[in-house]
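Peer 1: Please see the structure below; I have some questions.
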Amino acid sequence: MSRLYENAVCLAPMVRAGTLPLRLLSLRYGADLVYSEEIIDKKIIATERIENPILNTVDFVSVNNRDSVVFRTSKEEKDRVVFQMGTSDPILAIKAAQKVARDVAAIDVNMGCPKHFSIQGGMGAALLQKPQLAFDIIKALKQNLEIPVSCKIRVLEDTNATIEFVKKMEQAGADAIGVHGRQTHERPEDPASWDSIKPVVSAVSVPVLANGDLFTQTAIAKCREQTGLSSFLVARGALSNPSIFRKEGMLPQSEVVVEYLKLAADTDNVFQNTKYNAARMLPTKCNEKWNASVAQNGAPNVTIPMLGSTKNNEQLFALWNLQHHYQQRQMEFQAKAKTCQSQTVTSPSGSDKPEQPQYDDSFIYRQDLYCHTCGIQLLSEVDVALHVKGKKHKRKERAISAATKSSNYLQLVTSQHPEKRRKQNED
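Just so we're aligned, residue 333 is where the sequence shown starts under this note's numbering, counting upward by one.
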């Protein structure tokens, strides 16, 4: 059993927020583990792994948009970063996990996101209603990976149902289970129920990580006492002030946001994400009292409207008098890029293509209910009947049929016309 998740206070997975600069800052302040933001399986599959010598990072770059870095990580976090994915299909989950497995410490499956996009795609909290599919996904990952696998859920309305679900995940091989103390229909404004997490602790033997309303070290201590847990997932509390992980105590937000921005510049983080996270390290409204105290401490008096008006990194960093730091980093990156470009050696054709990983598909619950055309697992004959009538399945079949016909036609034509066959070979 992996001990990775034991006695761990972690940066929780947060959509849009959990990118490299926030993860690194959390680790430097004392976080034991850091989770990535949720990344959909198909999105990470459609990337190319690139070792970035300019930033000393590993970048997973979209094959459809070479300017889009889907996931960026570094050696500093390799043994402590948990890659969280959104998935509703065991095979896609394996392919996605195998893509990043050598660069991360563990894989986590999102089974708690209540957003429409996740639920509509059968991901996130939708898996709470399909325990067998959730079981298959965890089992598939465990059979095909050498690193730990965990999942993060929300509590169900019935405590016994929550217990049955986590037991099933443990049976599938989950090394740890994160439990958010809210139900799927509840929102951040609703108080998290730590009492609903407590029964899970004694139901399983793997580490359980509590999540919900952990905004201060005092709250973490109170949750520890109330639930008996020793591991925690800190979300908004860490986004607001990542120094929550410091054993020596939290630092002023005005100091923390500056450290965050420096890391954002050092990792060449995209403007939109840097702006998003920096805004959450400021008061959610223009708090004159807080801003006054910041100004008294000699830090720039930055408000939400001022940050909102910025259009690029230069304007954003200038609010904190960090424009020179940002510009210096950009100059360094450009110089490194020129050096790397001059040292680039073109490799022989095909020699730089990584070997495609193999996977074990024996985990599939019902082979006769698996649609190989679309690559998805169905759960009943009724699902199959509805699926084969659907537009998506028919489009896939037509595409495969068209490709086959085109190939057959080309073979027929070239066999009847040697001159065309010769020209095809030359091309």
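Quick reminder that beta carbons are idealized off the backbone N, C-alpha and C, glycines included.
Taking only three categories from DSSP, how would you classify Thr599?
Peer 2: Looking at Thr599 - three-state DSSP - the assignment turns out to be coil, as it is neither helix nor strand.
Peer 1: Might you give, ordered along the chain, the residues of its own chain that have their beta carbon closer than 6 Å to the beta carbon of Val347, omitting 5 neighbours on each side?
Peer 2: Glu369 and Glu370, listed in sequence order.
Peer 1: Got a sec, what are the start and stop residues for the alpha helix (DSSP H) Phe649 sits in?
Peer 2: Unbroken alpha helix (DSSP H) run through Phe649: Asn645 to Ala650.
Peer 1: Evaluate contact between the stretch 468–482 and the stretch 512–527, counting only Cβ atoms and requiring at least three cross-stretch pairs below 8 Å.
Peer 2: no
Peer 1: So what does DSSP say about Lys484, is it helix, strand or coil?
Peer 2: strand
Peer 1: Between Lys607, Lys668, Ala669 and Gln659, which lies nearest to Thr642 when the distance is taken from Cα to Cα?
Peer 2: Lys607
Peer 1: Pick helix, strand or coil for Asn633, following the three-state DSSP scheme.
Peer 2: coil
Peer 1: On the three-state DSSP scale, how would you describe Leu771?
Peer 2: Any question about residue 771 goes unanswered here, given that the chain covers just 333 to 759.
Peer 1: Hey, quick one: how far does the alpha helix (DSSP H) through Tyr337 stretch, first residue to last?
Peer 2: Judged by DSSP secondary structure, Tyr337 falls outside any alpha helix (DSSP H); it is assigned neither H nor E.
Peer 1: Assuming Met455 contacts Thr419 (C-beta within less than 8 Å), just tell me the rounded distance between them.
Peer 2: 6 Å
Peer 1: Does DSSP put Leu541 in a helix, in a strand, or in coil?
Peer 2: The answer is strand: DSSP assigns Leu541 an E or B state.
Peer 1: Is Ser482 near Ala508, with beta carbons less than 8 Å apart?
Peer 2: The answer is yes: Cβ separation under 8 Å.
Peer 1: Hey, quick one: how far does the beta strand (DSSP E) through Asp391 stretch, first residue to last?
Peer 2: Residue range Thr389 to Ser394 is occupied by the beta strand (DSSP E) that includes Asp391.
Peer 1: Looking at the secondary structure, which residues open and close the alpha helix (DSSP H) in which Thr379 lies?
Peer 2: Careful: Thr379 lies outside any alpha helix (DSSP H), inside the beta strand (DSSP E) at Thr379 to Asn384.
Peer 1: Excluding sequence positions up to five away, which residues of its chain have a Cβ less than 6 Å from the Cβ of Val436?
Peer 2: Val413 and Phe415
Peer 1: Name the two residues that bound the continuous beta strand (DSSP E) containing Arg717.
Peer 2: A small fix is needed here, since residue 717 is Ala in this sequence, not Arg. Per DSSP, Ala717 is not a residue of any beta strand (DSSP E); the alpha helix (DSSP H) it occupies stretches across Glu713 to Lys721.
Peer 1: Helix, strand or coil for Ile529, going by three-state DSSP, please let me know.
Peer 2: coil
Peer 1: For the alpha helix (DSSP H) containing His512, list its first residue and its last residue.
Peer 2: Not the alpha helix (DSSP H): His512 falls in the beta strand (DSSP E), residues Ala508 to His512.
Peer 1: Between which two residues does the beta strand (DSSP E) holding Ala472 run?
Peer 2: It is not in any beta strand (DSSP E) - Ala472 instead sits in the alpha helix (DSSP H) that spans Pro463 to Asn476.
Peer 1: Between the stretch 380–395 and the stretch 663–676, can you find at least three pairs of beta-carbon atoms closer than 8 Å?
Peer 2: yes
Peer 1: In whole angstroms, what is the alpha-carbon distance linking Gly505 and Asn644?
Peer 2: Near 46 Å, if we compare the C-alpha coordinates of Asn644 and Gly505.
Peer 1: Determine the DSSP secondary structure at Asn623, reduced to helix, strand or coil.
Peer 2: Because Asn623 carries a pLDDT of 43, less than 50, the predicted location of this residue cannot be relied on, and the following value inherits that uncertainty. Looking at Asn623 - three-state DSSP - the assignment turns out to be helix.
Peer 1: Give a yes or no on contact between the stretch 426–440 and the stretch 460–467, applying the rule of three or more CB pairs nearer than 8 Å.
Peer 2: no
Peer 1: What number of angstroms, rounded off, separates the C-alpha of Asn629 from the C-alpha of Leu336?
Peer 2: Annotation note: pLDDT 48 at Asn629 (below 50); position unreliable, no value reported.
Peer 1: By alpha-carbon positions, which one of Lys375, Ile377, Gln503 and Ala457 ends up nearest to His448?
Peer 2: If we check each option's Cα against that of His448, Ala457 comes out closest.
Peer 1: I need the straight-line Cα distance from Val395 to Val366, nearest angstrom please.
Peer 2: 26 Å
Peer 1: Relative to the C-alpha of Leu595, which candidate in Gly350, Ser334, Leu354 and Ser450 has its C-alpha closest?
Peer 2: Leu354 is the residue among Gly350, Ser334, Leu354 and Ser450 whose C-alpha sits nearest the C-alpha of Leu595.
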